[in-house]
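Just so you know, the sequence shown maps onto residues 1265 to 1712 in my numbering.
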Amino acid sequence: MQNTSATPQSARRVLTGITTSGTPHLGNYAGAIRPAIQSSTEPDVDAFFFLADFHALIKCADPARVARSRMEIAATWLAGGLDTERVTFYRQSDVPEIPELCWMLTCVTAKGLMNRAHAYKASVDANQLKGEDPDDGVTMGLFSYPVLMAADILMFNAHRVPVGRDQIQHLEMTRDIAQRFNHLYGGGQDLFVLPEVQIDEEVATLPGLDGRKMSKSYNNTIPLFEGGAKALKSAIAQIVTDSRLPGEPKDADASHLFTLYRAFASASQAASFKTALEGGLGWGEAKQALYEQIEAQIGPMREPYAELMAHPERIEDILQAGARKARGIAVPFMDRLREAVGLRQAAPVAGKKAGGVKAAKARLVSFRDEDGRFRQRLFAADGTELLLSEAFDDPKLLNQVSRGLAGADLPMFPVDAQGYVVLGSSEHCWARVPADQLANVRAALRQI
Ligand code: TRP
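Next up, the structure:
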């Protein structure tokens, strides 16, 4: 398998996204955001978390809501303690290479595979039941949803994708699509890693007020930050329980109030809560205990959340830095994929033109800088300066390092924390190049 970035081979690349079409509720936090932040602190985990805002357009045609949701979900990750120095945290729509890859994948995806997607089939079934045209209200966005998701995952060659059970089929489709692309274009090498789905058995799907899965579509959610502690408390008061009175023993395992409690408690706290319920704890008191337990975790996050929401430019800065990091990988990888499918830049014509006029060629110019050290400038065939190298004490070494790059596979070089591609030999950095300049640098180096 190919390693296309600075990530050590041993590190496991974990990637997951959240569709930005609503306000995050307690279920989103405990079921997805909290475990993801937790896993990103493990050694050897190289985490990619993103806001799936292109996916949001499939479900939601309300621009204000999409815009607000992106901010709310970003602020939730940040208030929840995400370390954005350590992970790559970005917005899907800030990485234009993702829709570009999506198109390449679309062209190798069998329509029959998409016909089998659960979400699409559910719409068709519902239409048929109503006696409507089977494709009534079905957009190409909905139909191709799994291909965009495959692009999200394959763009960064994720090894592991933590998601809910409803996403298992999408991961299977991603593997199918990746395999087909590897087969068609890999030329014996795997361009894409086949990702594994990760279903966290520990992280139970949180039940909502009525005991069904907590979901906006069931209108049974408990708010995370919206409305403050008061709204949390009044939502908890609405949790449906059985009619057993205080003093009567309760069946904790059958109660979704207990399931909610467990999601915010340690094993020993959960055990004593269970004993108390079995010993006849009244539902009113149980709700108060649940409220206190959740508030102890959520309460301290309210202020950082409100602070971020009051300063959207801070969120924006963090997301832009994340996009640079993500593109540091996506741009050179895309360059390689374009090449693989045949979208190559024409090879430069070297030597003399028919008329005897010398064709312009890229140039590498060596010189001594003000400190007396040796550097090179690389110029494109049209004369634009592409880069200034690092300074070397030894001109021979400088020459040797730059000459070594002439035929190199540039997308294989590491990317630094600022998103620059570090070109050079294994011991010496020759120059740092923004990822989107790599194609030009490569074209120029080929002519040297
Ligand atoms: N489809 C996912 C959901 O609705 C969100 C998502 C989009 C995603 N792209 C992804 C999840 C890539 C994991 C990886 O939950």
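For glycine and all other residues, C-beta sits at the position ideal for the given N, C-alpha and C.
Residue i, DSSP secondary structure in three states
i                  : result
valine 1278        : strand
lysine 1477        : strand
glycine 1688       : strand
threonine 1305     : coil
aspartate 1310     : strand
alanine 1527       : helix
phenylalanine 1656 : strand
phenylalanine 1407 : helix
threonine 1283     : strand
leucine 1448       : helix
glutamine 1462     : strand
leucine 1780       : Only positions 1265 to 1712 of the chain appear in this structure, which leaves residue 1780 out of reach.
phenylalanine 1318 : helix
proline 1564       : helix
alanine 1728       : This structure gives no information on residue 1728, because the portion of the chain shown stretches from 1265 to 1712.
glutamate 1490     : coil
leucine 1642       : strand
arginine 1696      : strand
threonine 1352     : strand
serine 1507        : coil
valine 1457        : coil
Burial state of residue i, where buried means 16 or more other Cβ atoms lie within 10 Å
i               : result
isoleucine 1417 : buried
valine 1457     : buried
aspartate 1310  : buried
glycine 1452    : exposed
aspartate 1590  : Before going on, a small fix: residue 1590 reads as alanine here, not aspartate. That one is buried.
glutamine 1392  : exposed
valine 1351     : buried
histidine 1289  : buried
asparagine 1484 : buried
proline 1564    : exposed
proline 1398    : exposed
glutamate 1690  : With the sequence shown as reference, residue 1690 is identified as serine, and glutamate is not the correct amino acid for it. Answer is exposed; the Cβ neighbour count stays below 16.
histidine 1319  : buried
asparagine 1292 : buried
valine 1679     : buried
histidine 1575  : exposed
arginine 1277   : buried
lysine 1660     : exposed
arginine 1380   : exposed
alanine 1442    : buried
Euclidean distance between Cα positions of residue i and residue j
i                  : j                  : result
alanine 1338       : glutamine 1664     : 46 Å
arginine 1632      : arginine 1424      : 48 Å
arginine 1508      : alanine 1518       : 13 Å
leucine 1583       : threonine 1340     : 13 Å
threonine 1348     : glycine 1586       : 8 Å
phenylalanine 1656 : aspartate 1700     : 25 Å
leucine 1702       : glycine 1647       : 17 Å
valine 1697        : serine 1666        : 14 Å
leucine 1521       : lysine 1551        : 8 Å
threonine 1523     : alanine 1316       : 29 Å
valine 1227        : aspartate 1400     : Given a span of 1265 to 1712 for the chain in the structure shown, any question on residue 1227 remains unanswerable.
valine 1605        : aspartate 1599     : 10 Å
asparagine 1446    : cysteine 1366      : 15 Å
leucine 1674       : glutamine 1533     : 54 Å
valine 1411        : leucine 1642       : 39 Å
glycine 1636       : glutamate 1361     : 41 Å
glycine 1543       : tyrosine 1525      : 17 Å
glutamate 1436     : leucine 1279       : 15 Å
glutamine 1711     : glutamine 1640     : 15 Å
alanine 1296       : glutamate 1306     : 16 Å
isoleucine 1562    : arginine 1298      : 11 Å
phenylalanine 1353 : alanine 1681       : 13 Å
proline 1568       : glycine 1671       : 50 Å
alanine 1325       : phenylalanine 1537 : 44 Å
Any non-hydrogen atom of ligand 1 closer than 7 Å to residue i Cβ
i               : result
alanine 1316    : yes
methionine 1413 : yes
aspartate 1416  : yes
histidine 1434  : yes
leucine 1279    : yes
glutamine 1431  : yes
glycine 1401    : no
isoleucine 1282 : yes
valine 1504     : no
histidine 1319  : yes
valine 1461     : no
glycine 1428    : yes
valine 1359     : no
valine 1425     : yes
Ligand 2 heavy atom lying under 7 Å from the CB of residue i
i            : result
glycine 1395 : Among the ligands modelled here, namely ligand 1, ligand 2 does not occur.
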